[in-house]
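Scroll down for the structure; my scribbles are underneath it.
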Amino acid sequence: KMFSALGIPCIAYSSHDSGGFVEHATGAAVGAKGFVSKNADETVLLAALEAVSAGKTYIQAELVTGLLEVRDITQTFTKKEKLVSDSLTLYNTNADVAAMLGISEKTVVNYLTILYDKAGVKNKLEFLEKMGRL
């Protein structure tokens, strides 16, 4: 985010290349203008560097489907669901999320049930993995 705030375009280059991780890296929180897996051929990285330096965005072709899948899921979130999702980390409890958002723990549990269903997962760990936050 720091480089993006300074107007310096950056590319995320990572061995973590799930759709959620790509979404997180290229979203507002991080702000990368491109994403390339460390498993990609060097020509892919060079293409990304050329595109981003020319003011374009670049997502490695093999990663686009996973990215779009996660975006399709997150676009179904209501504002409250997004707040709960954004407040979720591996280390905080439902009570922590409730306190942060000023809602009851039972309400958090209800939102998590909805979020897990929308994401097609069974628990917080799977949800965070799918959303690229692990």
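All letters in the sequence shown, in the order written, are residues 4 to 137 by my numbering.
By construction, the Cβ of each residue, glycine as well, lies at the ideal position given by its N, Cα and C atoms.
Residue i vs residue j beta-carbon contact at 8 Å
| i | j | result |
| --- | --- | --- |
| Ser40 | Ser18 | yes |
| Val25 | Ile76 | no |
| Leu86 | Leu115 | no |
| Gly123 | His27 | no |
| Ile11 | Phe38 | no |
| Leu93 | Leu137 | yes |
| Glu108 | Asn95 | no |
| Lys121 | Thr68 | no |
| Leu48 | Tyr16 | yes |
Contacting residues, own chain, Cβ-Cβ under 7 Å from residue i (five flanking each side not counted)
| i | result |
| --- | --- |
| Ile117 | Glu84 |
| Val100 | Val87, Ser90, Leu91, Val111 |
| Leu70 | Gly22, Val25, Glu26, Ile62 |
Beta-bridge partners of residue i, as assigned by DSSP
| i | result |
| --- | --- |
| Ser40 | Ser17 |
| Ile11 | Answer by DSSP bridge pairing: none, since Ile11 is not bridged. |
Same chain only: Cβ atoms within 6 Å of residue i, ignoring 5 sequence neighbours per side
| i | result |
| --- | --- |
| Ala54 | Tyr61 |
| Leu66 | Asp20, Val25 |
| Val73 | Gly22, Gly23, Glu26 |
| Glu129 | none |
| Thr29 | Ala35, Phe38 |
| Lys133 | Gly23, Ala122, Val124 |
Environment of residue i [buried if 16+ CB atoms lie within 10 Å]
| i | result |
| --- | --- |
| Lys125 | exposed |
| Ala35 | buried |
| Lys82 | exposed |
Residue i: CB within 7 Å of a non-hydrogen atom of the ligand SAM
| i | result |
| --- | --- |
| Gly123 | By its list of ligands, the structure shown contains no ligand whatsoever, and the ligand SAM lies outside what it can speak to. |
Query raised in the report: Of all the alpha helix (DSSP H) runs that stay within the bounds of the region 69-127, which reach a length of 4 or more residues?
Result: 82-90, 97-104, 108-122
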